[in-house]
Amino acid sequence: GSGKISDKILGELPFSLTGAQVEALKEIRADLASGERMLRLVQGDVGSGKTLVALLAMATMVEAGRQAAMMAPTEILAREHYERMLPLCEAARVKLALLTGRDKAAERKKTLAALEAGDIDIVVGTHALFQEAVAFKELGLAVVDEQHRFGVHQRLALGSKGDAVDVLVMTATPIPRTLAMSYYADLDVSTLDELPPGRTPIVTK
1 GSGKISDKIL GELPFSLTGA QVEALKEIRA DLASGERMLR LVQGDVGSGK TLVALLAMAT
61 MVEAGRQAAM MAPTEILARE HYERMLPLCE AARVKLALLT GRDKAAERKK TLAALEAGDI
121 DIVVGTHALF QEAVAFKELG LAVVDEQHRF GVHQRLALGS KGDAVDVLVM TATPIPRTLA
181 MSYYADLDVS TLDELPPGRT PIVTK
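Just so you know, we're using our numbering here: the sequence shown kicks off at 1 and counts up by one.
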């Protein structure tokens with residue numbers, strides 16, 4: 001990627017990235033630029049900025065002329081990601097779409113056709129993304145949010161929607177399988193170990 005789209009997104013932000021976000025992006029971009037297929041986990045507490053790291057990674061893929069997809073476990077979360085990303089994508093002239101199981105038939109048909117034609121750069125959605133009807137012109141990066149909520153085959157199904165698709169998984173709660181994967185070197189890990197300044201502490205009850 002040329003950095004052109006990422007820089008526009010960064011220019012729209014009212015804050016700077018944390019050191020951990022900068023480091024994670026450096027690791028992700030090194031993976032994307034290598035000849036190897038990426039399988040990387042970004043882990044960090046709620047509010048540490050995983051979604052923004054994912055968006056900037058997807059922007060890098062769009063700069064390289066390919067598409068990116070982000071899969072969330074629920075429609076509410078997919079919609080939330082879409083709404084947060086939309087103003088940043090519009091400012092950077094990146095075409096963003098939302099695809100869930102509840103889309104109206106006509107709307108869905110239009111989105112699917114645009115994806116296949118390459119008119120959509122980034123698509124955010126639920127497990128509807130890996131259904132057979134969904135075809136990409138050139139998917140380069142698949143991002144899976146809350147990766148522990150999906151089965152191994154579901155994650156692989158999204159990764160197989162293109163040619164040697166790079167895969168980025170994100171979680172605030174790593175599970176034993178994640179630990180085993182990283183231990184046996186099937187999964188690289190980037191950790192967001194600092195919260196943006198001024199964040200109120202998160203209380204889980």
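A virtual CB, placed ideally from N, CA and C, is assigned to each residue, including glycine. Just so you know, these numbers come straight off a predicted model, no measurement behind them.
From the options, pick the residue whose C-alpha is nearest to that of residue i; which is it?
i: Leu77; options: Thr51, Ile5, Ala142 and Leu39; result: Thr51
i: Gly162; options: Thr173, Val134 and Ala172; result: Val134
i: Asp31; options: Ala105, Phe136 and Thr60; result: Thr60
i: Ala164; options: Ala91, Met38 and Lys95; result: Met38
i: Thr100; options: Lys26, Val53, Ala69 and Asp121; result: Ala69
i: Val22; options: Ala57, Ser2 and Val46; result: Ala57
i: Leu129; options: Ile202, Pro73 and Leu25; result: Pro73
i: Val62; options: Pro14, Thr173 and Glu138; result: Glu138
i: Val53; options: Asp7, Arg79 and Ser34; result: Asp7
i: Ile120; options: Glu75, Arg102 and Glu90; result: Glu90
i: Glu80; options: Thr126, Glu36 and Glu116; result: Thr126
i: Leu141; options: Ala113, Gly198 and Met71; result: Met71
i: Glu83; options: Lys110, Glu36, Leu13 and Leu98; result: Leu98
i: Met170; options: Pro196, Ala117, Lys110 and Gly49; result: Gly49
i: Glu12; options: Ala20, Arg93 and Ala64; result: Arg93
Measure the alpha-carbon distance for residue i versus residue j and round it to whole angstroms.
i: Leu86; j: Lys205; result: 31 Å
i: Val124; j: Gln67; result: 11 Å
i: Glu132; j: Leu158; result: 10 Å
i: Leu96; j: Ser16; result: 23 Å
i: Ser2; j: Thr173; result: 33 Å
i: Thr18; j: Leu25; result: 11 Å
i: Ile202; j: Val46; result: 8 Å
i: Thr200; j: Pro14; result: 18 Å
i: Ile9; j: Leu88; result: 6 Å
i: Thr111; j: Arg102; result: 13 Å
If residue i sits next to residue j, beta carbons under 8 Å apart, how far is it from one beta carbon to the other, in whole angstroms?
i: Ile28; j: Leu168; result: 7 Å
Margin query: Could you tell me which whole beta strand (DSSP E) segments of length 3 or greater appear in the region 95 to 161?
Written below: Runs found: 96 to 99, 122 to 125 and 139 to 145.
Next item on the list: State whether the region 182 to 202 contacts the region 41 to 48, with contact taken as three or more CB pairs (one from each stretch) at a distance under 8 Å.
Entry: Touching, per the Cβ criterion.
Notebook entry, point to check: What are the start and end residues of each continuous alpha helix (DSSP H) run of 4 or more residues lying completely inside the region 26 to 81, in chain order?
Noted result: The region 26 to 81 contains these whole alpha helix (DSSP H) runs: 50 to 63.
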